[in-house]
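These notes concern the structure reproduced below.
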Amino acid sequence: MATATLVPHLTWRIEPVGDRCLIIRLGDRVDIDVSQTVHAVAAQLMHKALPGVIDVVPAFTTVAVHYRAAARPVTSGSGHVSGHVSGHISGHASGHASAYISPYKQLKRDIDALLSAGVPALPPSTRVVDIPACYGGEFGPDLEDVATQCGLSADEVIRRHSQSPLILYTFFFAPGNPFAGPVDPSLQVPRRRTPRTRVPAGSVAIANGISSIYQNDSPGGWNIIARTPWNLFDARQNPPTRLQLGDQLRFVPISRERFAELLEARS
Numbered sequence: 003m004a005t006a007t008l009v010p011h012l013t014w015r016i017e018p019v020g021d022r023c024l025i026i027r028l029g030d031r032v033d034i035d036v037s038q039t040v041h042a043v044a045a046q047l048m049h050k051a052l053p054g055v056i057d058v059v060p061a062f063t064t065v066a067v068h069y070r071a072a073a074r075p076v077t078s079g080s081g082h083v084s085g086h087v088s089g090h091i092s093g094h095a096s097g098h099a100s101a102y103i104s105p106y107k108q109l110k111r112d113i114d115a116l117l118s119a120g121v122p123a124l125p126p127s128t129r130v131v132d133i134p135a136c137y138g139g140e141f142g143p144d145l146e147d148v149a150t151q152c153g154l155s156a157d158e159v160i161r162r163h164s165q166s167p168l169i170l171y172t173f174f175f176a177p178g179n180p181f182a183g184p185v186d187p188s189l190q191v192p193r194r195r196t197p198r199t200r201v202p203a204g205s206v207a208i209a210n211g212i213s214s215i216y217q218n219d220s221p222g223g224w225n226i227i228a229r230t231p232w233n234l235f236d237a238r239q240n241p242p243t244r245l246q247l248g249d250q251l252r253f254v255p256i257s258r259e260r261f262a263e264l265l266e267a268r269s
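Count the sequence shown with this note's numbering and you get residues 3 to 269, in order.
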């Protein structure tokens, strides 16, 4: 029987986030290796379905685990059930207040054991998604400024942004809003000093070595260099997100005319 390849050099730190969520920290930098570890740990947690866990949310360097505390009764050190987290727990109730094991500590213990046993590595995704993007002009109002900051021409910024696929690290900020990297090192720019109160849906942005796409009209402080006609989230579909974690995103420059032809409705 073949032996699964495990995530190498797996280290983690678990911290509480309120009384119904904890965070597993798996790295301190945003890159492909840490992202693959995050995805592998998230997949293992979803596969094992630990008691009380209701959601597993991977991010850049962490995995958030949401759980129902009531599904894990507060116990004494000997395993005796002494009450529920929602109830009043005191030394009088069990006589061993210091031995209580909270739902958080129970789940942390289970996750520590799970990760200590080794986490199967996920094979790199081979799915390359070509995303049409119309650069510059009203669709990319920061393209010239980014070119100036980087000491490049606008055409060279477009070439370097679109020449190599970016790995989809995570979704956040809005449903289906992808964050991918690493962007070409020559295109390292910070966020804008002054955020915009409205960034149009579909805007393609870069900042701090990452590229994103605004799924909805929203405020934003990233540098807008292009816009895609694609809609990346549809709640009527399963899954609702058009892209998947680990996808290789490749931006394909298109004309304004082609943008109009490909423009998709948003629900």
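For each residue, glycine too, the CB sits at the ideal point set by N, CA and C.
Straight-line gap, Gly93 to Tyr102 (C-alpha atoms, nearest Å): Note that Gly93 has pLDDT 36, beneath the 50 cutoff, so the model's placement of it is unreliable and no number is given.
C-beta atoms of Gly211 and Gly248 nearer than 8 Å: Against a cut-off of 8 Å, the Cβ pair of Gly248 and Gly211 comes out as no contact.
Can you tell me whether Ala207 is buried or exposed, with buried defined as 16 or more other CB within 10 angstroms of its CB? The residue is buried, with at least 16 neighbouring Cβ atoms inside 10 Å.
Beta-carbon within less than 6 Å of Gly204's beta-carbon, same chain only, minus the 5 sequence neighbours each way: which residues are those? When the five nearest sequence neighbours on each side are left out, the beta carbons in the same chain lying within less than 6 Å of the beta carbon of Gly204 are those of Arg229 and Thr230, in order along the chain.
Return helix, strand or coil for Leu264, following the three-state DSSP convention. Helix.
Residues in the same chain with beta-carbon distance under 8 Å from Leu234, minus the five sequence neighbours each way, listed in chain order, please. Result list for Leu234: Gly178, Asn179, Pro180, Ile215, Gln217, Thr243, Arg244 and Leu245, in chain order.
Helix, strand or coil for Pro53? Go by DSSP, reduced to three states. DSSP places Pro53 in coil when its eight states are reduced to three.
8 Å Cβ shell around Leu8 - same chain, five flanking residues per side excluded: Closer than 8 Å at Cβ, skipping near neighbours: Gly120, Val121, Pro122 and Ala123.
Classify Gln38 as buried or exposed, calling it buried when 16 or more other Cβ atoms lie within 10 Å of its own Cβ. With 16 or more other CB atoms across the displayed protein chains lying within 10 angstroms of its CB, Gln38 is buried.
Rounded to the nearest angstrom, what separates Pro134 and Val159 at their Cα positions? Per the coordinates, the alpha-carbon of Pro134 lies some 16 Å from the alpha-carbon of Val159.
What are the boundary residues of the alpha helix (DSSP H) that Ala156 is part of? Annotation for Ala156: the continuous alpha helix (DSSP H) segment containing it runs Ala156 to Ser164.
Could you have a look at Arg195 and say whether DSSP puts it in helix, strand or coil? Coil.
Are the Cβ atoms of Ala68 and Ile56 separated by less than 8 Å? Going by the sequence as given, residue 68 is His instead of Ala. Cβ atoms of His68 and Ile56: closer than 8 Å.
Ser80 to Pro105 span [Cα, whole Å]: Bear in mind that the predicted position of Ser80 carries a pLDDT of just 49, short of 50, making it unreliable; the figure below should be weighed with that in mind. Rounded to whole angstroms, the gap between the alpha carbons of Ser80 and Pro105 is 15 Å.
Alpha-carbon to alpha-carbon, Ala61 and Pro241: Straight across, the Cα-Cα distance linking Pro241 with Ala61 is about 18 Å.
Where Thr63 and Phe174 are concerned, what is the direct C-alpha to C-alpha distance, given to the nearest angstrom? In a straight line, the C-alpha of Thr63 is about 13 Å away from that of Phe174.
is_contact[Gly29, chain D] using C-beta, thresh 8 Å: In the structure shown, chain D cannot be found, because there is only a single protein chain.
Below 8 Å between beta carbons: does that hold for Gly223 and Arg200? Contact: no.
Given a cut-off of 8 Å on the beta-carbon distance, is the pair Ile25 and Val19 in contact? Yes, the Cβ-Cβ distance between Ile25 and Val19 is below 8 Å.
Counterpart residues of Leu116 in DSSP-defined beta bridges: According to DSSP, Leu116 bridges with nothing at all.
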